[in-house]
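S.K.: One structure coming up, written as structure tokens, with questions to follow.
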């Protein structure tokens with residue numbers, strides 16, 4: 095498995111070779127990320143939990159491609175904005191641990207403001 099930095103550099107080189115930097119303004123990157131996330135969601139629309147369980151077994155590659163699109167946009171955006179995405183993710187996990195202490199949130203699907 096390649097590391098985040100290697101994948102990021104591969105994406106940036108891919109973009110540069112096609113002269114696409116001109117199209118990658120912050121708004122457009124955010125829109126693209128949202129659109130790709132919606133394509134992930136399409137796989138689950140109108141399906142109940144049992145149908146989803148079966149669907150995932152036979153559509154892993156397609157779902158994986160959509161998840162990769164989302165991940166790739168995250169890598170491009172974090173690169174362009176100078177964000178260390180691994181550090182940002184680690185900080186967010188720590189922040190969420192404070193917002194959702196185990197003693198109050200374990201086994202609950204309740205927003206932190208309601209705990």
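Numbering (this note's numbering), first residue to last: 95 to 209. All residues carry an ideal CB built from backbone N, CA and C; glycine is no exception. Quick caveat: nothing in here was measured; it's all calculated off a predicted structure.
1. Please list, in chain order, all residues of the same chain as residue 138 whose beta carbon is under 6 Å from its beta carbon, the five residues on each side excluded.
2. Within 10 angstroms of its Cβ, does residue 169 collect 16 or more other Cβ (buried), or is it exposed?
3. Among the candidates 180, 164, 98 and 188, whose CA atom is the shortest distance from the CA of residue 128?
4. Does the distance from the CB of residue 160 to the CB of residue 134 come in under 7 Å?
5. Would you call residue 99 buried or exposed, if buried means 16 or more other Cβ atoms sit within 10 Å of its Cβ?
6. Let me make sure I understand the geometry here. Which of 106, 96, 97 and 208 has the alpha-carbon closest to that of residue 174?
7. Is residue 148 buried or exposed, if buried means 16 or more other CB atoms sit within 10 Å of its CB?
8. So what does DSSP say about residue 194, is it helix, strand or coil?
9. Count the other CB atoms within 10 Å of the CB of residue 156; is the residue buried (16 or more) or exposed (fewer)?
10. Around the Cβ of residue 167, are there at least 16 other Cβ atoms within 10 angstroms (buried) or fewer (exposed)?
M.R.: Checking against the coordinates, here is how it stands:
1. 146
2. buried
3. 164
4. yes
5. exposed
6. 106
7. exposed
8. coil
9. exposed
10. buried
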